[in-house]
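Protein chains: 2
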Amino acid sequence: MIEDQLTPPYYAVIFSTILAKNISGYLEMTEKMEKLAQKQKGYLGIESARNEIGITVSYWQTLEDIVAWKNNFEHTAARNLGREKWYKKYQLRICKVEREYGFEK
Amino acid sequence: MIEDQLTPPYYAVIFSTILAKNISGYLEMTEKMEKLAQKQKGYLGIESARNEIGITVSYWQTLEDIVAWKNNFEHTAARNLGREKWYKKYQLRICKVEREYGFEK
Chain A
1 MIEDQLTPPY YAVIFSTILA KNISGYLEMT EKMEKLAQKQ KGYLGIESAR
51 NEIGITVSYW QTLEDIVAWK NNFEHTAARN LGREKWYKKY QLRICKVERE
101 YGFEK
Chain B
1 MIEDQLTPPY YAVIFSTILA KNISGYLEMT EKMEKLAQKQ KGYLGIESAR
51 NEIGITVSYW QTLEDIVAWK NNFEHTAARN LGREKWYKKY QLRICKVERE
101 YGFEK
């Protein structure tokens with residue numbers, strides 16, 4: 001799903017990943033974390049796609065909201081498990097969204 | 001491919017898309033535009049994934065580089081063709097990358 005027009009300025013976390021060969025338990029954890037993220041303060045939305053690599057972009061009202069989500073207890077445990085088991089490589093970028101344009105037929 | 005660690009601050013363009021049913025010519029044009037983007041001033045890299053939706057993130061040194069790429073003649077023609085033929089919906093977000101973290105096994 002694409003998130004509709006949001007109102008800048010707000011923040012985006014771009015999480016680009018390459019998975020390990022054995023991803024047993026990964027999809028369940030992803031779903032659980034997406035549901036948990038939706039309940040956090042400042043959550044605005046999420047977009048996700050995967051083929052050779054995965055890109056998940058989550059949107060947040062403020063930098064503080066991103067830090068709070070980073071420090072969430074269950075999220076921290078999931079991230080540690082991800083580093084141990086599921087991720088071969090990732091890059092995480094925290095960005096301020098300044099401008100936005102939409103198109104729909 | 002995931003882009004390795006870049007040096008903030010720099011800019012990201014998050015382009016989230018839903019394609020039309022008939023995407024004849026789309027893949028060829030995407031490849032052509034990615035090659036053309038690589039030759040532009042300020043280009044830093046690109047990441048792309050697609051399943052239900054597509055997410056392409058391109059990275060640029062400055063906002064001016066993004067505007068110049070937007071106004072590139074061939075890119076403008078491709079974008080017009082995209083709106084006419086290939087995209088059912090898209091959202092484009094221009095962001096300043098402020099922080100970045102990497103992990104690799």
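Protein sequences, first through last, are from chains A and B. Counting in the UniProt record's numbering, the first sequence tops out at residue 105, every number present. Counting in the UniProt record's numbering, the second sequence tops out at residue 105, every number present. The beta-carbon is built from N, C-alpha and C at its ideal position, and this holds for glycine as well. From a predicted model like this one, the values you see are computed outputs, not experimental measurements.
Spatial distance of B/E103 from B/M1 (CA atoms): Counting from one through the second sequence, the residue named residue 103 of chain B turns up at place 103. Counting from one through the second sequence, the residue named residue 1 of chain B turns up at place 1. According to the sequence provided, residue 103 of chain B is Phe. The question's Glu does not apply to it. Distance between the alpha carbons of B/F103 and B/M1: 14 Å.
Under 8 Å, with one C-beta from each stretch per pair, do the segment 31-51 of chain B and the segment 83-90 of chain A reach the 3-pair mark? no
Under 8 Å: do the segment 32-47 of chain A and the segment 55-67 of chain A share three or more Cβ pairs, one atom per stretch? yes
Would you tell me roughly how many angstroms separate the C-alpha atoms of B/E31 and A/M29, rounded to the nearest one? Residue numbering aside, residue 31 of chain B sits at position 31 when the second sequence is read from its first letter. Residue numbering aside, residue 29 of chain A sits at position 29 when the first sequence is read from its first letter. Rounded to whole angstroms, B/E31 to A/M29 spans 34 Å at the Cα level.
When Cβ atoms are compared, which residues of the segment 23-39 of chain A fall closer than 7 Å to chain C? Absent here is chain C; the protein component of the structure consists of chains A and B.
When you compare the CB positions of B/A12 and A/C95, do they come within less than 9 Å of one another, or not? Here the question's residue 12 of chain B lines up with position 12 in the second sequence. Here the question's residue 95 of chain A lines up with position 95 in the first sequence. Yes, the pair counts as a contact, with Cβ atoms nearer than the cut-off.
Within 9 Å, strictly: CB atoms of A/A68 and A/K41: In the first sequence, residue 68 of chain A corresponds to position 68, counting from 1. In the first sequence, residue 41 of chain A corresponds to position 41, counting from 1. Their beta carbons are under 9 Å apart, which means A/A68 touches A/K41 by this criterion.
Could you pull out every residue in the same chain whose Cβ sits closer than 6 Å to the Cβ of B/T62, ignoring the five residues on either side in sequence? Here residue 62 of chain B refers to the residue found at position 62 of the second sequence. Hits under 6 Å: G42.
Is the Cβ of A/G42 closer than 9 Å to any Cβ of chain B? For the purposes of this step, residue 42 of chain A is taken as the residue at position 42 of the first sequence. Not an interface residue.
Segments assigned beta strand (DSSP E), at least 3 residues, entirely inside the segment 52-100 of chain B: 54-60
Could you tell me which residues DSSP pairs with A/S16 in its beta bridges? Working through the first sequence from its first residue, we reach residue 16 of chain A at position 16. DSSP, once it has assigned bridges, lists A/I55, A/Q91 as partnering A/S16.
B/R93 to A/I14 span [Cα, whole Å]: Counted from its first residue, the second sequence places residue 93 of chain B at position 93. Counted from its first residue, the first sequence places residue 14 of chain A at position 14. When rounded, the distance between both Cα atoms is 12 Å.
A/Q91 and B/E74 closer than 9 Å at C-beta: Position 91 of the first sequence holds residue 91 of chain A. Position 74 of the second sequence holds residue 74 of chain B. Against a cut-off of 9 Å, the Cβ pair of B/E74 and A/Q91 comes out as no contact.
What in chain B is Cβ-close to A/G102, meaning under 9 Å? To locate residue 102 of chain A, count along the first sequence from 1; it is residue 102. Correct list: K89, Y90, Q91, L92.
Run through chain B and tell me which residues come within less than 8 Å of A/G54, C-beta to C-beta. Within the first sequence, residue 54 of chain A is the residue found at index 54, counting from 1. Chain B residues near A/G54: A49.
Any beta carbon of chain A sitting closer than 9 Å to that of residue 108 of chain B? Residue 108 of chain B cannot be examined here, being either before or after the span of chain B that is shown, 1 to 105.
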